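**Student:**
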Amino acid sequence: MILKNAWRNIWRNKRRTLITASSVFFAVFFALLMRSVQLGTLYKMVDDTVDAYSGAVQVHAKGYWDEKTVNNSFLRDALMESKIFELVNVRAVVPRFESFALASSGPKTKGVMVIGIDPDVENAFSGIAKRVRLGDYLTDNEQAVLLGADLADYLGLQINDTVVLLGQGYQGVSAAGKYQIKGLVKFPNPKINKAMLFIPIGQAQMLYGAENRLTSLNIGLHNNLLSIHLSNKIKQNTNLEMYEIMPWEEMMVEFVQMIKTKNVSSTFMLALLYIIVGFGVLGTIIMMVSERMREFGILVAMGMKKRLLALIVIMETVLIGFLGLIAGAISSLPIIWYYAHNPIRIEGEMGQMYEEFGVEPVIKFMMEPTVFFNQTYVVLLIVLVSVIYPIAKIASINPVKAMRMN
Amino acid sequence: MEVIAINNVYKTYVESEIEVKAVRGVSLRFQQGEFAAIVGPSGSGKTTLLNLLGGLDTPTAGEITIGGTHIHQLKPSKLIDFRRDNIGFVFQSYNLIPVLTAKENIEFIMQLQKRAKKERDQRSLELLEAVGLADRVNARPAKLSGGQQQRVAVARALASKPKFILADEPTANLDSVSTEKLLDIMEKLNREENITFIFSTHDTRVMKKARRVITLEDGLVLSDVIK
Numbered sequence: 005m006i007l008k009n010a011w012r013n014i015w016r017n018k019r020r021t022l023i024t025a026s027s028v029f030f031a032v033f034f035a036l037l038m039r040s041v042q043l044g045t046l047y048k049m050v051d052d053t054v055d056a057y058s059g060a061v062q063v064h065a066k067g068y069w070d071e072k073t074v075n076n077s078f079l080r081d082a083l084m085e086s087k088i089f090e091l092v093n094v095r096a097v098v099p100r101f102e103s104f105a106l107a108s109s110g111p112k113t114k115g116v117m118v119i120g121i122d123p124d125v126e127n128a129f130s131g132i133a134k135r136v137r138l139g140d141y142l143t144d145n146e147q148a149v150l151l152g153a154d155l156a157d158y159l160g161l162q163i164n165d166t167v168v169l170l171g172q173g174y175q176g177v178s179a180a181g182k183y184q185i186k187g188l189v190k191f192p193n194p195k196i197n198k199a200m201l202f203i204p205i206g207q208a209q210m211l212y213g214a215e216n217r218l219t220s221l222n223i224g225l226h227n228n229l230l231s232i233h234l235s236n237k238i239k240q241n242t243n244l245e246m247y248e249i250m251p252w253e254e255m256m257v258e259f260v261q262m263i264k265t266k267n268v269s270s271t272f273m274l275a276l277l278y279i280i281v282g283f284g285v286l287g288t289i290i291m292m293v294s295e296r297m298r299e300f301g302i303l304v305a306m307g308m309k310k311r312l313l314a315l316i317v318i319m320e321t322v323l324i325g326f327l328g329l330i331a332g333a334i335s336s337l338p339i340i341w342y343y344a345h346n347p348i349r350i351e352g353e354m355g356q357m358y359e360e361f362g363v364e365p366v367i368k369f370m371m372e373p374t375v376f377f378n379q380t381y382v383v384l385l386i387v388l389v390s391v392i393y394p395i396a397k398i399a400s401i402n403p404v405k406a407m408r409m410n
Numbered sequence: 020m021e022v023i024a025i026n027n028v029y030k031t032y033v034e035s036e037i038e039v040k041a042v043r044g045v046s047l048r049f050q051q052g053e054f055a056a057i058v059g060p061s062g063s064g065k066t067t068l069l070n071l072l073g074g075l076d077t078p079t080a081g082e083i084t085i086g087g088t089h090i091h092q093l094k095p096s097k098l099i100d101f102r103r104d105n106i107g108f109v110f111q112s113y114n115l116i117p118v119l120t121a122k123e124n125i126e127f128i129m130q131l132q133k134r135a136k137k138e139r140d141q142r143s144l145e146l147l148e149a150v151g152l153a154d155r156v157n158a159r160p161a162k163l164s165g166g167q168q169q170r171v172a173v174a175r176a177l178a179s180k181p182k183f184i185l186a187d188e189p190t191a192n193l194d195s196v197s198t199e200k201l202l203d204i205m206e207k208l209n210r211e212e213n214i215t216f217i218f219s220t221h222d223t224r225v226m227k228k229a230r231r232v233i234t235l236e237d238g239l240v241l242s243d244v245i246k
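Spelled out as structure tokens, the structure:
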């Protein structure tokens with residue numbers, strides 16, 4: 005009875021219902037596009053950053069994050085790696101041995117980051133082989149390195165030249181070695197190009213006197229948004245006295261802060277949009293209630309409980325709200341779907357700026373159910389706030405006075 | 020059998036800061052099956068008395084009992100239930116629910132009473148037949164004439180099987196043919212089903228049909244004539 009009456013009531017004044025539903029429709033339509041593009045672009049940045057290098061979760065020896073030295077490395081544990089790999093959503097478990105060294109060639113020397121990698125596993129994770137601009141990618145445990153292209157320029161080195169590395173190894177041993185340059189790599193991020201050197205992990209361990217030790221296990225996920233959940237899972241099965249497990253959110257604090265700041269500003273804009281729509285809906289309801297006070301009085305006089313009457317009015321508001329919501333969601337869906345699968349490429353200076361930050365210059369839409377559900381909650385909230393007025397009017401209705409109204 | 024007892028009822032209200040004594044010490048008794056008209060000039064207190072009888076308004080003093088229940092001592096929610104189950108209302112301007120058909124309007128009150136669908140269907144069709152509108156079952160109020168709407172309103176008032184029906188100027192907006200037809204229907208229902216009807220009216224045709232005429236003036240009962 006409630007639904008039937010409510011449905012018929014909203015069509016008493018078709019034009020008013022359509023205008024109100026339209027205002028909800030436009031709000032939902034634009035809010036969905038806006039939110040989808042904001043989140044899509046942000047999480048594309050997350051994916052680019054996390055998948056290109058850091059991994060969504062990292063395992064270190066306890067204390068490594070605060071003091072990144074080879075002394076805070078840990079013994080490689082194949083069992084732990086396979087256990088992590090078996091967890092749901094894990095797509096790669098990438099071992100690394102990282103430290104600093106001085107790279108020299110002739111009179112030139114530069115401090116560099118030495119990244120010891122398993123060539124095959126690393127390539128499967130980040131596609132690093134595609135970044136080789138000159139020469140070839142590394143294989144197995146050869147005594148060779150990949151140099152950042154800008155670093156090679158600085159040192160005046162080319163393919164097949166030799167670079168000398170000098171540093172401090174595990175527990176104070178000297179680290180020194182000569183390596184052939186097998187390839188030059190170029191990343192979008194200029195910092196990597198200027199200061200990074202990739203070497204097979206076995207060679208790195210030998211250089212630093214840290215046989216079978218790692219500085220980090222980098223875990224790649226199918227969905228980077230589940231990093232905290234996965235890090236909690238790993239923590240449950242790990243000796244936390246020995247290891248620290250960190251999701252990317254803990255490692256990239258500034259990046260997370262940037263996402264939060266962007267979220268606040270976009271939420272503010274959406275709130276403004278919805279407040280305007282909310283007042284529109286409220287205005288319609290106030291008009292509808294004042295037009296129908298006489299009818300409400302008659303219904304209460306005949307024996308309709310005020311509670312039931314209020315429920316019908318609430319249902320009418322919900323129906324109008326959901327008409328707009330569903331229409332808005334359905335209309336925006338094809339656009340979101342298209343741009344989620346065909347991101348818009350940013351050209352020119354703006355695109356270059358994106359690339360300098362190590363991010364692919366594209367605007368991508370996000371097609372996650374949460375984007376749609378959040379709008380449902382907002383429309384429900386508008387409805388709930390808007391129905392306070394009719395509920396209050398119905399609760400205080402005096403049938404005799406109401407029936408005198410025209 | 021006594022259905023309604025009004026004992027020394029007063030109703031005073033304030034309108035634009037002026038105290039209006041709408042009903043002043045009225046005492047009346049109504050028996051089952053009466054066909055009574057409360058008449059009097061505008062402002063005599065007819066509608067106020069009807070509102071008090073229907074539990075829509077509260078007396079300033081005195082008491083009203085319906086079937087032994089002191090209606091003004093009931094809690095608001097119980098009073099709404101009491102009205103639904105014991106009193107049928109017919110209003111001057113019909114006041115059907117515009118979005119419901121004739122049959123649905125009649126069924127509506129039975130839905131509030133949570134009666135079974137089968138029973139609702141049967142009774143609403145019987146009542147539409149009784150008021151001569153069996154062929155307008157699915158018509159919405161906007162498609163019915165004033166007289167037809169008021170007949171649906173009478174059927175709706177009867178749907179809950181009330182103890183009595185209060186009709187506030189039911190013929191005020193009807194032409195003479197519709198008035199005659201409506202009065203015949205109500206009189207028939209009164210005679211055949213022993214339903215109590217109490218009208219407030221200015222209409223002499225209603226007064227002629229009524230078997231009891233109570234005249235009010237300035238909130239007092241001027242005369243109470245049983246024909």
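Residue numbers (the numbering used here), protein chains in the order written: chain L, 5 to 410; chain U, 20 to 246.
The beta-carbon is built from N, C-alpha and C at its ideal position, and this holds for glycine as well.
Predicted model only: the values in this text are computed from it and were never measured.
(1) Which residue or residues does DSSP assign as beta-bridge partners of Thr31 of chain U?
(2) Find out if the Cβ-Cβ distance for the pair Arg43 of chain U, Leu239 of chain U is shorter than 8 Å.
(3) What's the gap between the Cα of Ala191 of chain U and the Cα of Tyr113 of chain U?
(4) For Gly52 of chain U and Val387 of chain L, what's the separation of their Cα atoms in angstroms?
(5) Let's see if you can read the secondary structure: which residues bound the alpha helix (DSSP H) around Pro403 of chain L?
(6) Excluding sequence positions up to five away, which residues of its chain have a Cβ less than 6 Å from the Cβ of Ser270 of chain L?
(7) Can you give me the Cβ contacts of Gln167 of chain U inside the same chain, cut-off strictly under 7 Å, excluding the 5 residues immediately before and after it?
(8) Does any residue of chain L bring its CB to less than 8 Å from the CB of Arg170 of chain U?
(9) Count Cβ pairs between the region 117–126 of chain U and the region 193–206 of chain U that sit closer than 8 Å; are there 3 or more?
(10) Taking 8 Å as the cut-off, decide whether the C-beta atoms of Ala31 of chain L and Tyr278 of chain L are in contact.
(11) Could you tell me the alpha carbon to alpha carbon distance between Leu276 of chain L and Phe129 of chain L, rounded to whole angstroms?
(12) Would the region 178–191 of chain L count as touching the region 199–215 of chain L if we require 3 or more Cβ pairs under 8 Å?
(13) What three-state label does DSSP hand Val391 of chain L in the structure shown?
(14) Run through DSSP, which three-state label would Ser231 of chain L get?
(15) So, for Ala176 of chain U: in the same chain, excluding its five sequence neighbours on each side, which residues have a beta-carbon less than 7 Å away from its beta-carbon?
(16) Taking the CB atoms as reference points, tell me whether Ile290 of chain L and Tyr358 of chain L lie closer together than 8 Å.
(17) Whose CA, out of U:Asn105, U:Pro60, U:Thr31, U:Tyr29, lies closest to the CA of Asp222 of chain U?
(18) What span of residues does the beta strand (DSSP E) with Pro99 of chain L cover, start to end?
(19) Between Met409 of chain L and the rest of its own chain, which residues show a CB-CB distance below 6 Å, the 5 nearest in sequence each way excluded?
(20) Expressed to the nearest angstrom, what Euclidean distance is found between the alpha-carbon atoms of His64 of chain L and Phe29 of chain L?
(21) For Gln42 of chain L, which residues does DSSP report across the bridge?
(22) Who are the Cβ neighbours of Lys397 of chain L in its own chain at under 6 Å, not counting the five residues just before and after it?
(23) CA-CA distance, Gly352 of chain L and Lys198 of chain L?
(24) Rounded to whole angstroms, what's the CA-CA distance from Ala305 of chain L to Lys8 of chain L? Just pull it up for me.
(25) Assuming Lys66 of chain L and Tyr247 of chain L make a contact with CB atoms under 8 Å, what is their CB distance in whole Å?
(26) Less than 8 Å between the C-beta atoms of Val139 of chain L and Ile196 of chain L, yes or no?
(27) Give me the residue from L:Leu170, L:Arg100, L:Ala406, L:Gly307 with the minimum Cα distance to Lys112 of chain L.
(28) Indicate whether at least one CB of chain L lies closer than 8 Å to the CB of Arg224 of chain U.
(29) Quick check: what's the CA-CA separation for Pro373 of chain L versus Ile339 of chain L?
(30) Taking only the alpha-carbon atoms, compute the straight-line gap between Leu329 of chain L and Val317 of chain L and give it to the nearest angstrom.
(31) Using beta carbons (cut-off 8 Å, strictly below), is Arg12 of chain L in contact with chain U?
(32) Please say whether Leu69 of chain U and Gly307 of chain L have beta carbons closer to each other than 8 Å?
(33) When burial is assigned at 16 or more other CB atoms within 10 Å of the CB, is Ala156 of chain L buried or exposed?
(34) Would you mind listing the alpha helix (DSSP H) stretches within the region 111–137 of chain L that are 4+ residues and don't spill past its ends, in chain order?
(35) For Val240 of chain U, name the three-state secondary structure that DSSP assigns.
(36) Three or more beta-carbon pairs under 8 Å between the region 68–88 of chain L and the region 41–58 of chain L, yes or no?
**Tutor:** A quick look at the data gives this:
(1) Mapped onto the second sequence, residue 31 of chain U falls at position 12. The partner list for Thr31 of chain U (beta bridge, DSSP) reads U:Lys40.
(2) The residue given as residue 43 of chain U occupies position 24 in the second sequence. The residue given as residue 239 of chain U occupies position 220 in the second sequence. Yes.
(3) The residue labelled residue 191 of chain U in the question sits at position 172 within the second sequence. The residue labelled residue 113 of chain U in the question sits at position 94 within the second sequence. Roughly 10 Å separates the two Cα atoms.
(4) Here residue 52 of chain U refers to the residue found at position 33 of the second sequence. Here residue 387 of chain L refers to the residue found at position 383 of the first sequence. Those two C-alpha atoms are separated by around 49 Å.
(5) Translated into the one-based positions of the first sequence, residue 403 of chain L becomes position 399. Looking at the DSSP string, the run of the alpha helix (DSSP H) that includes Pro403 of chain L is 403–408.
(6) Sequence index remark: in the first sequence, residue 270 of chain L carries index 266 (1-based). For Ser270 of chain L, where only same-chain residues beyond five positions count, the Cβ hits under 6 Å are Gln42.
(7) Position 148 of the second sequence, counting from 1, holds the residue named residue 167 of chain U. Only Leu152, Arg155 meet the Cβ criterion.
(8) Locating residue 170 of chain U in the second sequence gives position 151, where the first residue counts as 1. Chain L contact via Cβ: absent.
(9) no
(10) As a position in the first sequence, residue 31 of chain L is number 27, starting the count at 1. As a position in the first sequence, residue 278 of chain L is number 274, starting the count at 1. Going by C-beta atoms, Ala31 of chain L is nearer than 8 Å to Tyr278 of chain L.
(11) Locating residue 276 of chain L in the first sequence gives position 272, counting from the first residue. Locating residue 129 of chain L in the first sequence gives position 125, counting from the first residue. Distance between the alpha carbons of Leu276 of chain L and Phe129 of chain L: 42 Å.
(12) yes
(13) Taking the first sequence and counting its residues from 1, one reaches residue 391 of chain L at position 387. Three-state result, Val391 of chain L: coil.
(14) Sequence index remark: in the first sequence, residue 231 of chain L carries index 227 (1-based). DSSP, read as helix, strand or coil, puts Ser231 of chain L in helix.
(15) Residue mapping note: residue 176 of chain U aligns to position 157 of the second sequence, counting from 1. Excluding sequence neighbours, Ala176 of chain U sits near Gly107, Phe108, Val109, Ile184.
(16) Taking the first residue of the first sequence as position 1, residue 290 of chain L is located at position 286. Taking the first residue of the first sequence as position 1, residue 358 of chain L is located at position 354. No, they are not a contact pair.
(17) Counted from its first residue, the second sequence places residue 222 of chain U at position 203. When each option's Cα is compared against that of Asp222 of chain U, the closest is U:Pro60.
(18) In the first sequence, residue 99 of chain L corresponds to position 95, counting from 1. 94–109 is the span of the beta strand (DSSP E), which, as asked, contains Pro99 of chain L.
(19) Counted from its first residue, the first sequence places residue 409 of chain L at position 405. Cβ neighbours of Met409 of chain L beyond the five flanking positions: Met297, Arg298.
(20) Translated into positions along the first sequence, residue 64 of chain L becomes position 60. Translated into positions along the first sequence, residue 29 of chain L becomes position 25. Straight-line measurement puts the Cα of Phe29 of chain L at about 49 Å from the Cα of His64 of chain L.
(21) Locating residue 42 of chain L in the first sequence gives position 38, counting from the first residue. Note: Gln42 of chain L sits in no beta bridge, so no partner.
(22) Position 393 of the first sequence, counting from 1, holds the residue named residue 397 of chain L. In the same chain as Lys397 of chain L, and ignoring 5 residues on each side of it, the C-beta atoms closer than 6 Å to its own belong to Val293, in chain order.
(23) For this step, residue 352 of chain L is matched to residue 348 along the first sequence. For this step, residue 198 of chain L is matched to residue 194 along the first sequence. Cα to Cα, Gly352 of chain L sits roughly 23 Å from Lys198 of chain L.
(24) Taking the first sequence and counting its residues from 1, one reaches residue 305 of chain L at position 301. Taking the first sequence and counting its residues from 1, one reaches residue 8 of chain L at position 4. C-alpha separation (whole angstroms): 21 Å.
(25) Counting from one through the first sequence, the residue named residue 66 of chain L turns up at place 62. Counting from one through the first sequence, the residue named residue 247 of chain L turns up at place 243. The pair is a contact, with the Cβ atoms about 6 Å apart (cut-off 8 Å).
(26) Translated into the one-based positions of the first sequence, residue 139 of chain L becomes position 135. Translated into the one-based positions of the first sequence, residue 196 of chain L becomes position 192. In the sequence on display, residue 139 of chain L carries Gly and not Val. Not a contact, by the Cβ cut-off of 8 Å.
(27) Position 108 of the first sequence, counted from the first residue, corresponds to residue 112 of chain L. With distances taken between Cα atoms, Lys112 of chain L lies closest to L:Leu170.
(28) The residue given as residue 224 of chain U occupies position 205 in the second sequence. Chain L, which has no Cβ nearer than 8 Å to the Cβ of Arg224 of chain U, makes this no.
(29) If you number the first sequence from 1, residue 373 of chain L lands on position 369. If you number the first sequence from 1, residue 339 of chain L lands on position 335. When rounded, the distance between both Cα atoms is 15 Å.
(30) Within the first sequence, residue 329 of chain L is the residue found at index 325, counting from 1. Within the first sequence, residue 317 of chain L is the residue found at index 313, counting from 1. Near 18 Å, if we compare the C-alpha coordinates of Val317 of chain L and Leu329 of chain L.
(31) Taking the first sequence and counting its residues from 1, the one referred to as residue 12 of chain L is at position 8. Under the Cβ distance rule, Arg12 of chain L counts among the residues neighbouring chain U, one pair being separated by less than 8 Å.
(32) Position 303 of the first sequence, counted from the first residue, corresponds to residue 307 of chain L. Position 50 of the second sequence, counted from the first residue, corresponds to residue 69 of chain U. No, the pair does not count as a contact, with Cβ atoms beyond the cut-off.
(33) If you number the first sequence from 1, residue 156 of chain L lands on position 152. Buried, since its Cβ has 16 or more Cβ neighbours within 10 Å.
(34) 123–130
(35) As a working note, residue 240 of chain U is residue 221 in the second sequence. Three-state DSSP puts Val240 of chain U in a strand.
(36) Because the criterion of three Cβ pairs below 8 Å is not met, the region 68–88 of chain L and the region 41–58 of chain L do not touch.
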